[in-house]
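J.: Have a look at the structure that comes next, please.
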Amino acid sequence: MSEGRSSTPGPDTGSGVDDRRRWRALSVGLIAAFMTLLDVSIVNVAVPSIDRALHATPSDLQWVLSGYALTFGLVLVPAGRFGDARGRRTAFVVGVGLFTLTSALAGLARSPEWLVVARLVQGAAAGVVNPQVSGMIQELFRGADRGRAFGLLGATIGISTAVGPLLGGLLIALGGAEHGWRWVFFVNIPVGIVAMLLGWRLIPSRPAGQADRHRLDPLGVLLLGAGVTVILLPLVQREQWRGPGKWLLIPAGLLLLAGFALWEHRYARRAQPLFDLRLFTVRSYALGALIGLIYFAGFTAIFFIFTLYLQMGLGYSALVAGLAITPFALGSALASALGGRVVTRYGRPLVAIGLLDVVVGLIATDLVLAGGPHENVPLRTALPLLVAGLGSGLVIAPNQTLTLSEVPVPMAGSGAGMLQTGQRIGSAAGIAAVGALFFSTLADDRGDWGTAFRHSLLLAAGIVVLALGAAVADIALGHRRPAGRS
2 MSEGRSSTPG PDTGSGVDDR RRWRALSVGL IAAFMTLLDV SIVNVAVPSI
52 DRALHATPSD LQWVLSGYAL TFGLVLVPAG RFGDARGRRT AFVVGVGLFT
102 LTSALAGLAR SPEWLVVARL VQGAAAGVVN PQVSGMIQEL FRGADRGRAF
152 GLLGATIGIS TAVGPLLGGL LIALGGAEHG WRWVFFVNIP VGIVAMLLGW
202 RLIPSRPAGQ ADRHRLDPLG VLLLGAGVTV ILLPLVQREQ WRGPGKWLLI
252 PAGLLLLAGF ALWEHRYARR AQPLFDLRLF TVRSYALGAL IGLIYFAGFT
302 AIFFIFTLYL QMGLGYSALV AGLAITPFAL GSALASALGG RVVTRYGRPL
352 VAIGLLDVVV GLIATDLVLA GGPHENVPLR TALPLLVAGL GSGLVIAPNQ
402 TLTLSEVPVP MAGSGAGMLQ TGQRIGSAAG IAAVGALFFS TLADDRGDWG
452 TAFRHSLLLA AGIVVLALGA AVADIALGHR RPAGRS
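Just add 1 to wherever you are in the sequence shown, counting from 1, and you've got the numbering used here.
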């Protein structure tokens with residue numbers, strides 16, 4: 002173990018930054034996080050327009066969508082560690098700058114190949130930005146303020162995920178069928194420029210002499226990157242790679258991650274590793290990461306199948322499909338702000354209540370649609386989706402606060418990066434599993450979109466029940482709130 006490292010992880014929260022500046026810095030971080038997370042879902046509704054404009058193949062379109070998620074998840078931990086070592090401001094500004102540039106290149110694309118490459122680099126840039134925001138919260142806030150800051154981040158995650166289809170549909174409607182899809186990317190340019198300038202001005206730089214000059218563990222980066230890539234590839238390419246052979250990549254990826262763990266254990270004896278495996282011995286972190294992975298598998302899949310059902314099954318426009326998801330987004334935003342304020346008082350039971358609320362909302366959505374006509378679906382599902390959204394807001398932000406509550410500031414970026422990597426893997430796995438059930442039911446029931454949606458919605462609810470089980474297990478073990486009020 003390198004000299005000067007503590008034997009066990011512990012919270013460290015001093016920041017030395019005045020109150021107004023830290024909240025302004027957080028605002029800039031949230032704007033950038035919203036922009037990068039929005040691009041996970043906003044492009045979905047642009048696929049038909051991209052297909053017509055660029056004459057893309059199904060494989061091209063799949064890579065436009067999934068390539069972003071792949072490279073996003075690939076760089077989260079290395080980028081978080083870079084921010085820990087060299088400073089949040091540098092990593093943030095570089096990430097936002099690259100994201101802005103690649104957004105412009107994507108909007109100017111003249112061929113499918115051009116667009117795919119731009120999306121791959123854009124996803125990597127998003128992966129650089131996001132762990133800096135979580136790490137910045139760890140560095141600049143403590144106690145109840147940290148809970149409120151994570152509450153705002155949770156609201157940002159929930160809103161950006163849910164309103165992507167709505168904003169995408171609106172931009173396409175305003176920009177026209179031929180070129181509207183380009184504005185899905187161009188809209189990031191002014192936002193990115195402002196975020197870069199304000200980020201450089203407001204995000205504290207690392208004081209001279211405090212930069213960690215250790216090497217950034219290149220072999221660890223390689224092993225983790227290879228493992229995550231090999232696991233994600235068959236998930237994001239499930240429709241294009243036919244046959245069961247692709248699933249053999251998942252155990253191969255797990256072997257690579259096992260090799261990563263062995264290497265990190267060895268590397269930690271002489272230097273700061275890419276990711277400190279001791280964090281997984283901290284129950285709040287290990288259980289929270291597991292809950293996040295499982296919940297995102299169910300949470301992200303909901304929007305995927307609902308958009309398919311509304312647009313392809315019922316013929317609604319992209320704009321109406323986006324509006325239909327708005328109740329979930331509003332509920333998530335409201336509850337995230339509340340959850341962030343009270344999480345330090347109620348701890349993990351608050352997350353369990355939120356998960357139960359999501360399950361109730363999803364089952365209510367299924368019951369509302371069961372046996373009924375296909376008319377006015379967005380209106381009929383508004384209330385149960387609002388209920389599910391309120392529950393989701395009590396899950397994402399409070400769980401992140403609890404998970405990172407005992408992570409020391411020098412590990413904040415890499416710890417948050419690993420947490421988000423698990424969420425990206427969970428999202429890909431959930432979409433693969435729920436999507437497979439959706440399309441198989443559609444084929445078996447001769448094109449009955451309603452049955453396909455309801456069956457796959459229940460699977461998503463079942464996945465959320467698994468996350469609820471993990472939260473209840475944590476409560477039963479007595480870990481009701483953060484051990485360290487940092």
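Note that the Cβ used here is the ideal one computed from N, Cα and C, for glycine as well.
Are residue 379 and residue 324 closer than 8 Å when you measure CB to CB?
T.: yes
J.: Under DSSP, the alpha helix (DSSP H) around residue 310 begins and ends at which residues?
T.: From DSSP, residue 310 is part of no alpha helix (DSSP H); its letter is neither H nor E.
J.: Does residue 382 come out as helix, strand or coil in the three-state DSSP assignment?
T.: Residue 382 carries a coil assignment under DSSP once its states are collapsed to helix, strand and coil.
J.: Near residue 322, what residues of its chain come up, given a Cβ to Cβ distance below 6 Å and the 5 sequence neighbours on each side ignored?
T.: 166, 308, 311, 312
J.: Measure the C-alpha to C-alpha separation of residue 477 and residue 353 and round it to an integer number of angstroms.
T.: 12 Å
J.: Does the Cβ of residue 377 have 16 or more other Cβ atoms within 10 Å, making it buried, or fewer, making it exposed?
T.: exposed
J.: Please report the distance separating the alpha-carbon of residue 305 from that of residue 126.
T.: Each residue's CA atom was taken as its position, placing residue 305 and residue 126 some 23 Å apart.
J.: Is the beta carbon of residue 26 closer than 8 Å to that of residue 194?
T.: no
J.: When burial is assigned at 16 or more other CB atoms within 10 Å of the CB, is residue 415 buried or exposed?
T.: Here residue 415 is buried. Its C-beta has 16 or more other C-beta atoms within 10 Å.
J.: Could you tell me which whole alpha helix (DSSP H) segments of length 4 or greater appear in the segment 128–210?
T.: Entirely contained in the segment 128–210, the alpha helix (DSSP H) runs reaching 4 residues are, in chain order, 144–176, 181–187, 189–203.
J.: Decide if residue 249 is buried, meaning its Cβ has at least 16 other Cβ atoms within 10 Å, or exposed.
T.: exposed
J.: Taking 8 Å as the cut-off, does the segment 61–80 touch the segment 412–427 (at least 3 CB pairs, one atom from each stretch)?
T.: yes
J.: With burial defined as no fewer than 16 other Cβ atoms inside 10 Å of the residue's Cβ, what is the status of residue 116: buried or exposed?
T.: buried
J.: If we count the other Cβ atoms within 10 Å of its Cβ and call it buried at 16 or more, is residue 153 buried or exposed?
T.: Result: buried.
J.: What's the call for residue 445, buried or exposed, on a 16-neighbour Cβ count within 10 Å?
T.: exposed
J.: Let me confirm a value: residue 235 is counted as buried when at least 16 other C-beta atoms fall within 10 Å, else exposed. Which label applies?
T.: buried
J.: Would you tell me roughly how many angstroms separate the C-alpha atoms of residue 320 and residue 171, rounded to the nearest one?
T.: 6 Å
J.: How long is the line joining the alpha carbons of residue 210 and residue 88, rounded to whole angstroms?
T.: Any reading at residue 210 must be qualified, since the residue scores a pLDDT of 47, below 50, and its modelled position is unreliable; the value itself is stated next. Each residue's alpha carbon lies about 12 Å from the other.
J.: In three-state terms, what does DSSP make of residue 409?
T.: coil
J.: Indicate the three-state DSSP secondary structure (helix, strand or coil) for residue 456 in the structure shown.
T.: helix
J.: What do you get for residue 109, buried or exposed, if any count of 16 or more other CB atoms within 10 angstroms of its CB means buried?
T.: Result: exposed.
J.: In this structure, does DSSP put residue 58 in helix, strand or coil?
T.: coil
J.: Can you list, in chain order, the residues of its chain with a C-beta nearer than 8 Å to that of residue 327? Leave out the 5 residues immediately preceding and following it.
T.: 163, 164, 167
J.: In or out: residue 408 buried (at least 16 other Cβ within 10 Å) or exposed?
T.: Residue 408 sits buried, since 16 or more C-beta atoms from the chains shown fall within 10 Å of its C-beta.
J.: Considering residue 100, what are the terminal residues of the alpha helix (DSSP H) in which it resides?
T.: 89–108
J.: For residue 37, which of 82, 56, 134, 111 has the nearest alpha-carbon?
T.: Closest option to residue 37, Cα to Cα, is 134.
J.: Can you look up residue 7 in the DSSP assignment and give me helix, strand or coil?
T.: Confidence at residue 7 is low in this model, with a pLDDT of 42, below 50, so its placement is unreliable and the value that follows should be read with caution. Looking at residue 7 - three-state DSSP - the assignment turns out to be coil, as it is neither helix nor strand.
J.: How many Å lie between residue 251 and residue 287 at the Cα?
T.: 21 Å
J.: From what residue to what residue does the alpha helix (DSSP H) around residue 399 run?
T.: 397–404
J.: To the nearest whole angstrom, what separates the beta carbons of residue 337 and residue 398, a pair I think is in contact under 8 Å?
T.: 5 Å
J.: Figure out for me which residue from 294, 114, 358, 429 has the closest Cα to the Cα of residue 401.
T.: With distances taken between CA atoms, residue 401 lies nearest to 294 out of 294, 114, 358, 429.
J.: With DSSP collapsed to three states, give me the class of residue 276.
T.: coil
J.: Once the 5 residues before and after residue 429 are set aside, which same chain residues still bring their CB inside 7 Å of it?
T.: For residue 429, where only same-chain residues beyond five positions count, the Cβ hits under 7 Å are 70, 233, 236, 237.
J.: Helix, strand or coil: which one does DSSP assign to residue 393?
T.: helix
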